[in-house]
Amino acid sequence: MYQVTDLHLSLPDMTRKPLVGAAPRIHILKGLTFDVPKGAVLGIVGGSGSGKSTLGRAMLRLLEPTSGQIVFDGTDVSHLIEDQLRPMRRRFQMIFQDPMSSLNPRRRVGGIIAGPLRLHGMETAGKVDDALEMVGLPRSFASRYPHELSGGQRQRVGIARAIALRPDFILADEIVSGLDVSSQAQVLNLLEDLVRELGLTLAFISHDLSVIRRLCSRIIVLDQGKIVEEAPTEALFEAPKASYTRALLQAIPLPDPYQVWD
Ligand SMILES: Nc1ncnc2c1ncn2[C@@H]1O[C@H](COP(=O)(O)OP(=O)(O)OP(=O)(O)O)[C@@H](O)[C@H]1O
Ligand SMILES: [Mg+2]
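In terms of UniProt numbering, the sequence shown opens at residue 1 and continues consecutively.
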């Protein structure tokens, strides 16, 4: 589904922009190479500032790589312009960390879920209800506003909005970080079911290895814009190779958030 090869990305550092001339660039992603096979669930972990969100935004082509290649389903998307990307945009979707700021507070849930469908010129009839049902929310929630929902319910709306488009690939960036442990487990279980039912390919970004363990089959560990370790999930937990990975494992606050739910 995705092949990322020697991906480099630098951005202008606006905090150091001189009064005259261009801002110096900061090199954020430094030569990343990995694959996400179709149907796989890849975990992307690393500490704050390691480049996880930047990598996610590059994969969805919200950012353009400085060099290297991003191939999505056989198409090199690295340097496509927006007009060329538009027909593909439906196929890769993102779920955000903070549903309160990513959901328009003035729109009802039904309108929020229908928005991207309309944008892509798709029929909305029935799809909003279907999406709500898939994420386990009653249809009546279509007429609610985001502030009338709990954190976990809002995150389900974010998921419903993404899956309504029937994408092939979803990137989830820290989507359970703001939730309490039992809502976390519910959202993770839901995502697990959706991956299976819809045949999704998923990349799940988290700074917390414990939430990734059951969901992801493979993990890449980022540190300072580089991949320091890549391994099948169980191998990584049993015998982490990089000292950075060992440090992350030691930082796990809870043994397994699913325990609270199962
Ligand atoms: N628009 C930008 N301009 C300049 N630097 C940026 C920009 N966006 C991110 N950075 C820097 O790039 C690095 C990686 O940021 P990124 O947001 O990808 O990290 P992250 O791994 O997602 O961290 P977190 O876990 O805190 O979300 C950080 O040092 C950050 O300060
Ligand atoms: Mg981030």
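Quick reminder that beta carbons are idealized off the backbone N, C-alpha and C, glycines included.
Checklist entry - beta strand (DSSP E) containing residue 229: first to last residue? => result Counted from its first residue, the sequence shown places residue 229 at position 229. Residue 229 -> beta strand (DSSP E) spans 226–232.
Checklist entry - Looking at the unbroken beta strand (DSSP E) that takes in residue 20, where does it start and where does it end? => result Taking the first residue of the sequence shown as position 1, residue 20 is located at position 20. Element bounds for residue 20: n/a, residue is neither H nor E.
Item to check | ligand 1 heavy atom lying under 7 Å from the CB of residue 209 | outcome: Taking the sequence shown and counting its residues from 1, one reaches residue 209 at position 209. Result no, Cβ not under 7 Å from ligand 1.
Checklist entry - To the nearest whole angstrom, what separates the beta carbons of residue 116 and residue 161, a pair I think is in contact under 8 Å? => result Along the sequence shown, one-based indexing puts residue 116 at 116. Along the sequence shown, one-based indexing puts residue 161 at 161. The pair is a contact, with the Cβ atoms about 6 Å apart (cut-off 8 Å).
Checklist entry - Closer than 7 Å: is that where the CB of residue 102 sits relative to any heavy atom of ligand 2? => result Counting from 1 along the sequence shown, the entry for residue 102 is found at position 102. Because no heavy atom of ligand 2 lies under 7 Å away, the Cβ of residue 102 does not count as near it: no.
Checklist entry - Can you tell me whether residue 14 is buried or exposed, with buried defined as 16 or more other CB within 10 angstroms of its CB? => result On the sequence shown, position 14 is the one that residue 14 refers to. Exposed: under 16 other Cβ atoms inside 10 Å.
Checklist entry - DSSP three-state call for residue 136: helix, strand or coil? => result Stepping through the sequence shown from its first residue, residue 136 is reached at position 136. DSSP places residue 136 in coil when its eight states are reduced to three.
Item to check | Per-residue burial, residue 156 [other beta carbons within 10 Å of its own, 16 or more giving buried] | outcome: Here residue 156 corresponds to residue number 156 of the sequence shown, with the count starting at 1. Classification for residue 156: buried.
Next on the checklist: Which residue wins for smallest C-alpha separation from residue 1, given the options 98, 129 and 76?
Outcome noted: The count along the sequence shown starts at 1 and reaches residue 1 at position 1. Minimum Cα distance to residue 1 is reached at 76.
Next on the checklist: Only counting the same chain, and skipping five residues up and downstream in sequence, which positions put a Cβ closer than 7 Å to that of residue 93?
Outcome noted: Taking the sequence shown and counting its residues from 1, one reaches residue 93 at position 93. Closer than 7 Å at the Cβ level, and outside the excluded window around residue 93, lie 162, 165, 167 and 170.
Checklist entry - Unbroken beta strand (DSSP E) runs of length 3 or more, entirely within the segment 155–199: which are they? => result 169–173
Next on the checklist: Here's the rule: buried if 16 or more other CB atoms are within 10 angstroms of the residue's CB, otherwise exposed. What is residue 84?
Outcome noted: By 1-based counting over the sequence shown, the position of residue 84 is 84. Result: exposed.
Item to check | Span separating the alpha-carbon of residue 183 from that of residue 158 | outcome: Here residue 183 is taken as the residue at index 183 of the sequence shown, counted from 1. Here residue 158 is taken as the residue at index 158 of the sequence shown, counted from 1. When rounded, the distance between both Cα atoms is 14 Å.
Checklist entry - Can you list the beta strand (DSSP E) stretches of 3 or more residues lying completely in the segment 43–74, in chain order? => result 67–72
Checklist entry - My guess is that residue 211 and residue 242 are in contact by the Cβ rule of under 8 Å, so how many angstroms apart are they, rounded? => result One-based indexing of the sequence shown puts residue 211 at position 211. One-based indexing of the sequence shown puts residue 242 at position 242. Residue 211 to residue 242, Cβ: 20 Å. No contact.
Item to check | Beta-bridge partners of residue 2, as assigned by DSSP | outcome: Here residue 2 refers to the residue found at position 2 of the sequence shown. Answer is 36 and 72, bridged to residue 2.
Checklist entry - Below 8 Å between beta carbons: does that hold for residue 142 and residue 108? => result In the sequence shown, the residue the question calls residue 142 occupies position 142. In the sequence shown, the residue the question calls residue 108 occupies position 108. Yes, the pair counts as a contact, with Cβ atoms nearer than the cut-off.
Checklist entry - Which runs of the beta strand (DSSP E) fall wholly inside the segment 104–137 and span at least 3 residues, in chain order? => result none
Item to check | Nearest-angstrom Cα separation, counted from residue 178 out to residue 249 | outcome: Locating residue 249 in the sequence shown gives position 249, where the first residue counts as 1. Locating residue 178 in the sequence shown gives position 178, where the first residue counts as 1. Residue 249 and residue 178: Cα-Cα distance of roughly 20 Å.
Checklist entry - Are the CB atoms of residue 81 and residue 7 nearer to each other than 8 Å? => result Translated into positions along the sequence shown, residue 81 becomes position 81. Translated into positions along the sequence shown, residue 7 becomes position 7. In this structure, residue 7 does not lie closer than 8 Å to residue 81 by Cβ.
Item to check | Terminal residues of the alpha helix (DSSP H) in which residue 95 lies | outcome: Reading the sequence shown from its first residue, position 95 is the one you call residue 95. No alpha helix (DSSP H) contains residue 95, which is instead part of the beta strand (DSSP E) from 92–95.
Next on the checklist: I'd like the list of long-range same chain contacts for residue 152, defined as Cβ closer than 7 Å, with 5 residues on each side in sequence excluded.
Outcome noted: Your numbering for residue 152 matches position 152 in the sequence shown. The answer, listed in chain order, is 179, 183, 186 and 187.
Next on the checklist: So, under 8 Å CB-CB, residue 41 and residue 195 are touching, yes? Tell me the CB distance rounded to an integer number of Å.
Outcome noted: One-based indexing of the sequence shown puts residue 41 at position 41. One-based indexing of the sequence shown puts residue 195 at position 195. At roughly 6 Å, the Cβ-Cβ gap stays under 8 Å, so residue 41 and residue 195 are in contact.
Item to check | Nearest-angstrom Cα separation, counted from residue 67 out to residue 217 | outcome: Start at 1 with the first residue of the sequence shown, and residue 217 comes out as number 217. Start at 1 with the first residue of the sequence shown, and residue 67 comes out as number 67. So the two alpha carbons sit approximately 28 Å from each other.
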